[in-house]
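This report concerns only the one structure given below.
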Amino acid sequence: MMSIVAVVGRPNVGKSTFFNRLIQRREAIVDAVSGVTRDRHYGKSDWNGKEFSLIDTGGYVKGSDDIFEAEIDKQVELAIDEADAIIFMVDVESGVTGMDQEVAKLLRRSKKPIFLAINKVDAASRVNDALEFYSLGFENQYNLSSINGSGTGELLDDLVKAL
Ligand code: GDP
Ligand code: MG
């Protein structure tokens, strides 16, 4: 079986931008599980000769803020269940948010390897701002830019070692 890697995090941090950069082709879109739209995009990728299936979560737009948060929690729970490794994406522009802390709390209970991807570190001037994310408590922390590709290689090197 091919390893599964899920990308989770709150909206607008850049999950889909990262996903689109990595995948060679889209595999499927799965939705409408137990009355809630679970919009999950699957793609195939490989790095250093190791193939894996990548899941982009949270491409949905739905109802109230409460439902929205609950849906993110569901995506995280689902990722914890089915993924072999999880990329938890956050945004250096906004800094640590309450929703990031919520997701972090769920992920810390998982035994799966978690890679904290601090996205939108487009320039060296943003590296200092990334330090505050250590407060989320993850050992594997990577600064990257999904738009220009910087830092993604370091993350992927370590990710595929864990698969
Ligand atoms: P998602 O909701 O987490 O899937 O986020 P998207 O991939 O849709 O991106 C949300 C916004 O952030 C878009 O306007 C992207 O162009 C922007 N974005 C994504 N990655 C980067 C990045 O590395 N740097 C910057 N500056 N913007 C980014
Ligand atoms: Mg998205």
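Residue numbering for the sequence shown is -16 to 146, as defined by the numbering used here. Note that CB positions come from ideal geometry on N, CA and C, so glycine has one too. Note that the coordinates shown come from a computational prediction; the quantities given were computed from them, not determined experimentally.
DSSP puts residue 40 in a beta bridge; with which residues? 23
Confirm the yes/no value for this check: CB of residue 96, any heavy atom of the ligand GDP, distance under 7 Å. no
Using 7 Å as the cut-off, classify the Cβ of residue -2 as near or not near the heavy atoms of the ligand MG, replying yes or no. yes
Skipping 5 residues on each side, what residues in its chain have a beta carbon closer than 6 Å to that of residue 75? 101, 103, 104, 109, 112 and 113
Taking 7 Å as the cut-off, does the CB of residue 41 come closer than this to any heavy atom belonging to the ligand GDP? yes
Residues of its chain near residue 52, where Cβ-Cβ distance is below 8 Å and the 5 sequence neighbours each way are ignored: 82 and 85
Per DSSP, cross-strand counterpart(s) of residue 33: 30
Counted within 10 angstroms of its Cβ, other Cβ atoms place residue 80 as buried (16 or more) or exposed: exposed
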